[in-house]
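K.L.:
Once you've had a glance at the structure underneath, I'll fire off some questions.
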Amino acid sequence: MTESTESVVNISNVWKVFGEKADDAIKAIKDEGIGKAEVLERYGCVIGVQDATFDVPRGEIFCIMGLSGSGKSTLVRHINRLIEPSSGNIEVLGRNVSNLNESQLRELRANHIGMVFQHMALLPHRSVRDNVAYPLEIRGVAKSKRWAVSDHALQLVDLVGYEDRLPKELSGGMQQRVVIARALASDPEVLLMDEPFSALDPLIRMQLQDQFKALVAQLQKTTLFITHDLDEAIRIGHRIAIMKDGIIVQIGTPEDIVMNPADDYVREFVQGISKLKLVKAHSILEPLESYQGDLEGAPRADEEADLDQLIDHAVGTDLPVVITSNGQDVGVVTKPRLLRGIQGGKEQ
């Protein structure tokens, strides 16, 4: 990902509690530390989101991951104000979303935020081209202009030649690409993706994940991607927020979360994740000065080499792998450290 310090989406201390006594419930949560069950019992309220805070810089794919009922979809719907927060601030492109009037909110949704749901909601009687162009049609864009924009968006998702087909003539994966093209047609800075690939077959899903990640990198779209699948989050996310009962329990890179799970809940999630392509040498090396043995003839690998590459270096020697950074030796990966790296976040 291109490094950026510009915050495109900023979520600050956002709460959403459903129920007539939401304010009393929030106060009790803050003062007494009561949980979801007690909030429901005492106040008849349901915790949707609890004190969420994070920034998403331009061009990042920020995955929000959690099981059903964790609050992930509730959280993302605050960003385009489909849901009003109980308290807290949401800023998109420097604008406080809660302060926008109806006209300003429509303009933000139409021109700056694209949203893709799991259920594709394509218009069955319209061609692929017309489906992609439909949001522009609503805005009164001339037909020639919106068709040109539609054709360009379809080119981005590799659907050239299917412009005049009806949705029913396309596979599920192709239909989902039409939905992504429709979201891209207005050239939004922000994409909100709510489990867009979860209904697809595994192989098609993986192909779309790869295509989508490459497309976001090419277009530098800031993306909030909702998923219940940690494998998917790791595959496409630059960072991941893991939610439980409305609370963000950990935010980090895929490597951070796998190697340093914040608690037992996260540790259970990462147990089955393959570390071979995920964990890098810089995460498991020991400093060069701490190794006392002879390194003559030892293999070398860059600090960004993954575990799979390190194993290739290590199998033919009893020596550790020397790790380099910018051409300089900075540490070693011994076989015990390599094995611990494969185990990932297991407590030592």
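Residue numbers for the sequence shown, in the numbering used here: 13 to 360. Each residue gets a CB set at the ideal place from its N, CA and C atoms; glycine is no exception.
Taking all protein chains shown into account, do 16 or more other C-beta atoms lie within 10 angstroms of the C-beta of K292, making it buried, or fewer, making it exposed?
P.N.:
For this step, residue 292 is matched to residue 280 along the sequence shown. K292 comes out buried.
K.L.:
What residue does the alpha helix (DSSP H) around F209 start on, and which one ends it?
P.N.:
Walking along the sequence shown from the start, residue 209 turns up at place 197. It is not in any alpha helix (DSSP H) - F209 carries neither H nor E in the DSSP assignment.
K.L.:
Here's the rule I'm using: 16 or more other beta-carbon atoms within 10 Å means buried, otherwise exposed. How should E244 be labelled?
P.N.:
Residue mapping note: residue 244 aligns to position 232 of the sequence shown, counting from 1. When all chains shown are included, E244 counts as buried.
K.L.:
Would you give the residue range spanned by the beta strand (DSSP E) that R251 belongs to?
P.N.:
The residue you call residue 251 lines up with position 239 of the sequence shown. R251 -> beta strand (DSSP E) spans 251-256.
K.L.:
Go ahead and pull the three-state DSSP assignment for S295.
P.N.:
In the sequence shown, the residue the question calls residue 295 occupies position 283. If DSSP states are grouped into helix, strand and coil, S295 belongs with the helices.
K.L.:
From S198 to G78, what distance separates their C-alpha atoms?
P.N.:
Looking up residue 198 in the sequence shown gives position 186. Looking up residue 78 in the sequence shown gives position 66. Approximately 30 Å between the Cα atoms of the pair.
K.L.:
Considering L94, what are the terminal residues of the beta strand (DSSP E) in which it resides?
P.N.:
By one-based count along the sequence shown, residue 94 stands at place 82. It is not in any beta strand (DSSP E) - L94 carries neither H nor E in the DSSP assignment.
K.L.:
Within 10 Å of its beta-carbon, does Q360 have 16 or more other beta-carbons around it, so buried, or fewer, so exposed?
P.N.:
Looking up residue 360 in the sequence shown gives position 348. The predicted model places Q360 with a pLDDT of 43, which falls under 50 and marks its position as unreliable, so this point remains unresolved.
K.L.:
Nearest-angstrom Cα distance between A34 and Y55?
P.N.:
Residue 34 sits at position 22 when you count from the first residue of the sequence shown. Residue 55 sits at position 43 when you count from the first residue of the sequence shown. The alpha-carbon atoms of A34 and Y55 are separated by roughly 8 Å.
K.L.:
Can you look up L182 in the DSSP assignment and give me helix, strand or coil?
P.N.:
Sequence index remark: in the sequence shown, residue 182 carries index 170 (1-based). L182: coil per DSSP, three-state reduction.
K.L.:
Can you tell me whether Q188 is buried or exposed, with buried defined as 16 or more other CB within 10 angstroms of its CB?
P.N.:
Counted from its first residue, the sequence shown places residue 188 at position 176. Classification for Q188: buried.
K.L.:
Does the contact criterion of 3 or more C-beta pairs under 8 Å hold for the region 89-109 versus the region 69-77?
P.N.:
No: fewer than three Cβ pairs fall under 8 Å.
K.L.:
Among the residues of its own chain, which have a CB less than 7 Å from the CB of T86, if the five just before and after it don't count?
P.N.:
The sequence position of residue 86 within the sequence shown is 74, counting from 1. K28, G60, V61, I95.
K.L.:
Report, in whole angstroms, the separation of the C-beta atoms of V190 and V228, which I expect to be a contact under 8 Å.
P.N.:
Taking the sequence shown and counting its residues from 1, one reaches residue 190 at position 178. Taking the sequence shown and counting its residues from 1, one reaches residue 228 at position 216. Actually they do not touch by this definition, with Cβ atoms about 17 Å apart.
K.L.:
With distance defined between alpha-carbon atoms, name the residue in R194, R217, E301 nearest to G184.
P.N.:
Start at 1 with the first residue of the sequence shown, and residue 184 comes out as number 172. The option with the nearest alpha carbon to G184 is R217.
K.L.:
At 4 residues or longer, and completely inside the region 98-131: list those alpha helix (DSSP H) runs for me, N to C.
P.N.:
Counting whole runs of 4 or more residues, the region 98-131 contains the alpha helix (DSSP H) stretches 114-123.
K.L.:
Less than 8 Å between the beta carbons of V202 and V88, yes or no?
P.N.:
Numbered from 1 along the sequence shown, position 190 holds the residue referred to as residue 202. Numbered from 1 along the sequence shown, position 76 holds the residue referred to as residue 88. Going by C-beta atoms, V202 is not nearer than 8 Å to V88.
K.L.:
Within 10 angstroms of its Cβ, does L351 collect 16 or more other Cβ (buried), or is it exposed?
P.N.:
As a first step, residue 351 is located in the sequence shown; it is residue number 339 there, counting from the start. By the 10 Å Cβ count, L351 comes out exposed.
K.L.:
With DSSP as the reference, label V21 as helix, strand or coil.
P.N.:
The residue you call residue 21 lines up with position 9 of the sequence shown. DSSP places V21 in strand when its eight states are reduced to three.
K.L.:
Per the DSSP calculation, V161 is bridged to which residue(s)?
P.N.:
As a working note, residue 161 is residue 149 in the sequence shown. Note: V161 sits in no beta bridge, so no partner.
K.L.:
Hey, could you find the ends of the alpha helix (DSSP H) G382 is sitting in?
P.N.:
Residue 382 lies beyond the range of the chain shown here (13 to 360); nothing can be said about it.
K.L.:
Taking buried to mean at least 16 other C-beta atoms within 10 Å of its own C-beta, is G152 buried or exposed?
P.N.:
Position 140 of the sequence shown, counting from 1, holds the residue named residue 152. Counting Cβ neighbours within 10 Å, G152 comes out exposed, since fewer than 16 surround it.
K.L.:
Where do the ends of the beta strand (DSSP E) carrying P69 lie?
P.N.:
What you label residue 69 is simply residue 57 of the sequence shown in a count that begins at 1. Its beta strand (DSSP E) spans residues 58-69.
K.L.:
Check this for me: beta carbons of V342 and Y303, under 8 Å apart or not?
P.N.:
Here residue 342 refers to the residue found at position 330 when the sequence shown is read from its first residue. Here residue 303 refers to the residue found at position 291 when the sequence shown is read from its first residue. Cβ distance not < 8 Å, so V342 and Y303 don't count as in contact.
K.L.:
Nearest-angstrom Cα distance between W159 and P273?
P.N.:
Counting from 1 along the sequence shown, the entry for residue 159 is found at position 147. Counting from 1 along the sequence shown, the entry for residue 273 is found at position 261. Computed Cα separation, rounded: 48 Å.
K.L.:
What does a CB cutoff of less than 7 Å around L300 pick up in its chain, not counting 5 residues either side in sequence?
P.N.:
Residue mapping note: residue 300 aligns to position 288 of the sequence shown, counting from 1. Hits under 7 Å: D341, V342, G343, V344.
K.L.:
Let me confirm a value: V109 is counted as buried when at least 16 other C-beta atoms fall within 10 Å, else exposed. Which label applies?
P.N.:
Counting from one through the sequence shown, the residue named residue 109 turns up at place 97. Buried.
K.L.:
Rounded to the nearest angstrom, what separates E32 and S19 at their Cα positions?
P.N.:
On the sequence shown, position 20 is the one that residue 32 refers to. On the sequence shown, position 7 is the one that residue 19 refers to. Their Cα atoms are separated by approximately 34 Å.
K.L.:
On the DSSP bridge list, what partners appear for Q262?
P.N.:
The sequence position of residue 262 within the sequence shown is 250, counting from 1. Beta-bridge pairing links Q262 to I254.
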